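*Asks:* Numbering (the numbering used here), first residue to last: 3 to 434.
Beta carbons: idealized from backbone N, C-alpha and C, even for Gly.
Please read these numbers as outputs of a predicted model, since none were measured by experiment.
Dumping the structure here so I can ask a few things about it.
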Ligand code: ADP
Ligand code: ZN
C-alpha cells in the first residue's frame with residue numbers, strides 16, 4: 003500500500019516536528035556554503051533554535067537570480083570531493099543554475115522517486131520505459147534510479163525516435179512509460195502511421211506525464227488515446243527534479259513529500275502566505291539535501307493547496323496541477339492571459355488535434371493574439387463551411403475564457419514546428 007508507511011501516513015503534528023528538526027539540520031549544513039553563510043537569519047536560528055515550522059517565514063527567499071549570481075560554487079555546502087553528480091539547466095538566459103548532489107542526496111532522491119511511482123500504482127513487476135532525455139536534464143537519470151530502486155525492468159529509451167520507442171514497447175512488453183505530455187500526440191501519430199493502436203497493440207496500462215504544464219482535458223485525452231491511466235509528475239531541478247510532488251492512484255492532486263520539502267504558497271506581490279486554498283507562487287525548501295540545500299526557493303510556479311484529506315491515507319498535502327509559471331502570463335489588449343486557459347478550451351473540442359501555438363504580433367499598430375490550432379486529419383478536409391463554423395466557434399469560446407478576441411488559424415495536423423524538449427506555446431513578436 004505504501005513505500006515508506008511510517009513517513010507517508012505520519013500524523014501532521016509529527017510531520018511538522020520532523021520538518022523543524024530537518025530544517026535545523028539543513029540550515030546547519032547550508033551555513034557552510036558561501037552564500038548561506040552570509041545570511042544573518044540562518045545564524046540567528048542556529049543560535050536560538052526554532053520551535054515551529056511557521057518560523058521559516060523569517061528566513062529570506064532564494065531566487066533563480068541568486069542561484070545564478072554565485073555561480074558556480076556559491077551554494078555548495080560540502081567539500082567538493084563529496085559531490086558525485088551535478089545537474090544544470092540550459093542557461094539560455096545567462097549563467098545556468100547548477101545543482102550538486104552527494105551520495106546521500108542521490109539516494110534520497112531515488113527513494114522519493116520510488117515512493118512517487120509506487121503511489122501511482124507502479125510495481126516491481128512492471129516494465130518501465132523512460133522516454134526522455136538523459137543528461138543534464140533531470141527527467142532521465144531522476145526516473146532511472148527511482149525505477150531501479152522500485153525494481154521494475156527499466157528501459158532507458160531516451161527521447162525521440164518514435165518508431166524505436168514503439169518497437170521497444172512491443173518487443174519488451176512495456177507496461178508503464180514516462181514522457182512529456184506534448185510528445186505523446188506525436189508518438190500516437192507514429193503508432194497510427196505504422197498501423198498500430200497502442201490500446202490494442204501494447205501492454206501499456208500507465209503513463210507518467212510531467213515536466214511541463216498541461217490541463218486536465220489534455221490528461222483525459224492522453225488516457226483515452228493510449229487506453230491508460232495517466233499520472234501527473236511535478237518537479238524542478240533546484241529541488242532535485244522529478245519526485246517532488248506526484249499524483250497517487252486517486253488522481254486528485256499531487257502529494258508533495260513534506261518530509262523532504264517545506265512547501266509554502268505566497269502572494270508574489272506581497273510575499274505573504276495566501277489564504278488557504280488560494281492560488282499563489284510555490285516556494286520550496288529542501289529538508290534532506292546535503293551538497294546543496296536550497297532555502298525558500300521561489301519557483302515562479304502557480305498552484306494552490308487542495309483542501310481535505312486524500313482517500314489514499316497519505317497525510318502529505320496535495321497541490322493542484324500547476325496552472326503555469328508567473329512568467330508564462332502575457333498581457334494582450336489589457337487582459338492577463340495564461341496559455342493553459344487556452345489549452346483548456348481547445349482540448350475539450352474533439353475536432354482539435356494535440357498541438358497549438360499562440361503568436362502575439364502587431365498588426366496595423368494593434369496587438370493581436372493569433373492562435374494556431376491543429377485540426378485532426380479526419381476533420382481537416384475540403385469542407386470549408388465546416389472549418390469556417392469551427393473557427394468561429396473556437397474564437398467565441400476563447401474570447402469568453404480570456405476576454406480577448408483571438409484570431410484563429412486552423413492548420414493541418416503536424417504543421418506546427420515542434421520544440422526539441424518542452425513545448426514552446428507562446429511566441430511574442432510584438433513591436434514595442
Ligand atoms: P527548466 O526551468 O529549464 O524547465 P526544469 O527541468 O527544472 O528546468 O523544469 C522545472 C519546471 O518545469 C517547473 O518549475 C515547472 O514550471 C515545470 N513543470 C515540471 N513539472 C510540471 C508539471 N507536472 N506540471 C506543470 N509544470 C511542470
Ligand atoms: Zn493520495
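Can you check which of these residues, 367, 433, 429 and 416, is closest to residue 185 by C-alpha distance?
*Replies:* Stepping through the chain shown from its first residue, residue 185 is reached at position 183. Of the candidates 367, 433, 429 and 416, the one whose C-alpha sits nearest the C-alpha of residue 185 is 416.
*Asks:* Helix, strand or coil for residue 322? Go by DSSP, reduced to three states.
*Replies:* If you number the chain shown from 1, residue 322 lands on position 320. Coil at residue 322, not helix or strand.
*Asks:* Below 8 Å on the Cβ atoms is my contact criterion, and I expect residue 247 with residue 256 to pass it. Report the Cβ-Cβ distance as a whole number of Å.
*Replies:* Position 245 of the chain shown, counted from the start, is the residue given in the question as residue 247. Position 254 of the chain shown, counted from the start, is the residue given in the question as residue 256. That pair is a contact at about 4 Å.
*Asks:* When the Cβ atoms of the segment 339 to 357 are set against those of the segment 197 to 210, are three or more pairs found closer than 8 Å?
*Replies:* The segment 339 to 357, when compared against the segment 197 to 210, does not touch it at the 8 Å Cβ threshold.
*Asks:* Can you name the residues that DSSP bridges to residue 288?
*Replies:* Stepping through the chain shown from its first residue, residue 288 is reached at position 286. DSSP lists 263 as partners of residue 288.
*Asks:* For a quick check, are the C-beta atoms of residue 45 and residue 35 less than 9 Å apart?
*Replies:* In the chain shown, counting from the first residue as 1, residue 45 sits at position 43. In the chain shown, counting from the first residue as 1, residue 35 sits at position 33. No, Cβ-Cβ distance for residue 45 and residue 35 is not below 9 Å.
*Asks:* Throw me the rounded Cβ distance for the residue 333 and residue 373 pair, which I believe falls under 8 Å.
*Replies:* Looking up residue 333 in the chain shown gives position 331. Looking up residue 373 in the chain shown gives position 371. About 16 Å; that fails the 8 Å criterion.
*Asks:* Tell me whether residue 7 sits in a helix, a strand or coil according to DSSP, three-state version.
*Replies:* Within the chain shown, the letter at position 5 stands for residue 7. Of the three classes helix, strand and coil, the one that applies to residue 7 here is helix, per DSSP.
*Asks:* Are the CB atoms of residue 223 and residue 349 within a distance shorter than 9 Å?
*Replies:* Taking the first residue of the chain shown as position 1, residue 349 is located at position 347. Taking the first residue of the chain shown as position 1, residue 223 is located at position 221. In this structure, residue 223 lies closer than 9 Å to residue 349 by Cβ.
*Asks:* State the DSSP-derived secondary structure class of residue 207, mapped to helix, strand or coil.
*Replies:* Here residue 207 corresponds to residue number 205 of the chain shown, with the count starting at 1. If DSSP states are grouped into helix, strand and coil, residue 207 belongs with coil.
*Asks:* Decide if residue 143 is buried, meaning its Cβ has at least 16 other Cβ atoms within 10 Å, or exposed.
*Replies:* Your numbering for residue 143 matches position 141 in the chain shown. The residue is buried, with at least 16 neighbouring Cβ atoms inside 10 Å.
*Asks:* Going by C-alpha to C-alpha distance, which of 12, 316, 192 and 292 sits closest to residue 163?
*Replies:* Taking the first residue of the chain shown as position 1, residue 163 is located at position 161. Minimum Cα distance to residue 163 is reached at 192.
*Asks:* Let me confirm a value: residue 300 is counted as buried when at least 16 other C-beta atoms fall within 10 Å, else exposed. Which label applies?
*Replies:* On the chain shown, position 298 is the one that residue 300 refers to. Burial call: buried.
*Asks:* What do you reckon, is the C-beta of residue 234 under 8 Å from a heavy atom of ligand 3?
*Replies:* As far as ligands go, the structure on display features ligand 1 and ligand 2 and does not contain ligand 3.
*Asks:* Can the beta-carbon of residue 125 be found closer than 9 Å to that of residue 154?
*Replies:* Here residue 125 refers to the residue found at position 123 of the chain shown. Here residue 154 refers to the residue found at position 152 of the chain shown. In this structure, residue 154 lies closer than 9 Å to residue 125 by Cβ.
*Asks:* Are three or more beta carbon pairs between the segment 399 to 414 and the segment 361 to 375 nearer than 8 Å?
*Replies:* Contact holds: three or more Cβ-Cβ distances are below 8 Å.
*Asks:* Under the DSSP definition of a beta bridge, which residues are partnered with residue 90?
*Replies:* Locating residue 90 in the chain shown gives position 88, where the first residue counts as 1. According to DSSP, residue 90 bridges with 100.
*Asks:* Quick one: what does DSSP say residue 23 is sitting in, helix, strand or coil?
*Replies:* Within the chain shown, the letter at position 21 stands for residue 23. The answer is helix: DSSP assigns residue 23 an H, G or I state.
*Asks:* If you measure from the CB of residue 139, is any heavy atom of ligand 1 nearer than 8 Å?
*Replies:* Here residue 139 refers to the residue found at position 137 when the chain shown is read from its first residue. Yes; taking the cut-off as 8 Å, the Cβ of residue 139 has a heavy atom of ligand 1 nearer than that.
*Asks:* Would you identify the three-state DSSP class for residue 293, choosing helix, strand or coil?
*Replies:* Residue mapping note: residue 293 aligns to position 291 of the chain shown, counting from 1. In the structure shown, residue 293 sits in coil (DSSP, three-state: anything other than H, G, I, E or B).
*Asks:* Output needed for residue 18: all residues of its chain with C-beta closer than 7 Å, excluding positions within five of it in sequence on either side, in chain order.
*Replies:* As a first step, residue 18 is located in the chain shown; it is residue number 16 there, counting from the start. Within the same chain, residue 18 has close Cβ partners 55.
*Asks:* So, residue 73 versus residue 99, is the Cβ gap smaller than 9 Å?
*Replies:* The residue labelled residue 73 in the question sits at position 71 within the chain shown. The residue labelled residue 99 in the question sits at position 97 within the chain shown. Taking 9 Å as the Cβ cut-off, residue 73 and residue 99 qualify as a contacting pair.
*Asks:* Output the distance between the C-alpha atoms of residue 169 and residue 29, rounded to the nearest integer angstrom.
*Replies:* As a working mapping, residue 169 is identified with position 167 in the chain shown. As a working mapping, residue 29 is identified with position 27 in the chain shown. C-alpha separation (whole angstroms): 49 Å.
*Asks:* Express the C-alpha separation of residue 361 and residue 405 in angstroms, rounding to a whole number.
*Replies:* Along the chain shown, one-based indexing puts residue 405 at 403. Along the chain shown, one-based indexing puts residue 361 at 359. So the two alpha carbons sit approximately 17 Å from each other.
*Asks:* CB of residue 323 to nearest heavy atom of ligand 2: below 8 Å?
*Replies:* Within the chain shown, numbered from 1, the residue matching residue 323 stands at position 321. No - ligand 2 has no heavy atom lying nearer than 8 Å to the Cβ of residue 323.
*Asks:* Any heavy atom of ligand 1 closer than 8 Å to the CB of residue 211?
*Replies:* Against the chain shown, residue 211 aligns to sequence position 209. Residue 211: yes, Cβ under 8 Å from ligand 1.
*Asks:* Please return the same chain residues whose Cβ sits closer than 7 Å to the Cβ of residue 102, not counting the five positions on each side in sequence.
*Replies:* Indexing the chain shown from 1 puts residue 102 at position 100. The residues are 78, 85, 88, 293 and 294.
*Asks:* Per DSSP, residue 129 is paired with what?
*Replies:* Residue 129 sits at position 127 when you count from the first residue of the chain shown. For residue 129, which the question treats as bridged, DSSP gives the partners 155.
*Asks:* Give, in chain order, every unbroken run of the beta strand (DSSP E) that is at least 3 residues long and sits entirely within the segment 11 to 91.
*Replies:* Correct list: 85 to 90.
*Asks:* Taking the Cβ atom as the reference point for each residue, do residue 146 and residue 176 lie within a distance shorter than 9 Å?
*Replies:* Taking the chain shown and counting its residues from 1, one reaches residue 146 at position 144. Taking the chain shown and counting its residues from 1, one reaches residue 176 at position 174. No, they are not a contact pair.
*Asks:* From this set, 388, 380 and 306, which residue's C-alpha is nearest residue 270's C-alpha?
*Replies:* Residue mapping note: residue 270 aligns to position 268 of the chain shown, counting from 1. If we check each option's Cα against that of residue 270, 306 comes out closest.
*Asks:* Buried or exposed: residue 239, going by 16 or more other Cβ atoms within 10 Å of its Cβ?
*Replies:* Sequence index remark: in the chain shown, residue 239 carries index 237 (1-based). Residue 239 comes out buried.
*Asks:* Could you name the residues whose beta carbon sits closer than 5 Å to any heavy atom belonging to ligand 2, keeping them in chain order?
*Replies:* Listed by chain position, these are 250, 252, 312, 314 and 316.
*Asks:* Are there 16 or more other CB atoms within 10 angstroms of the CB of residue 387, so buried, or fewer, so exposed?
*Replies:* On the chain shown, position 385 is the one that residue 387 refers to. Exposed, by the Cβ-count rule.
*Asks:* Thinking C-beta only, is residue 107 closer than 9 Å to residue 290?
*Replies:* Working through the chain shown from its first residue, we reach residue 290 at position 288. Working through the chain shown from its first residue, we reach residue 107 at position 105. Yes.
*Asks:* Mind checking which residues open and close the alpha helix (DSSP H) that includes residue 112?
*Replies:* By one-based count along the chain shown, residue 112 stands at place 110. That run of the alpha helix (DSSP H) goes 105 to 121.
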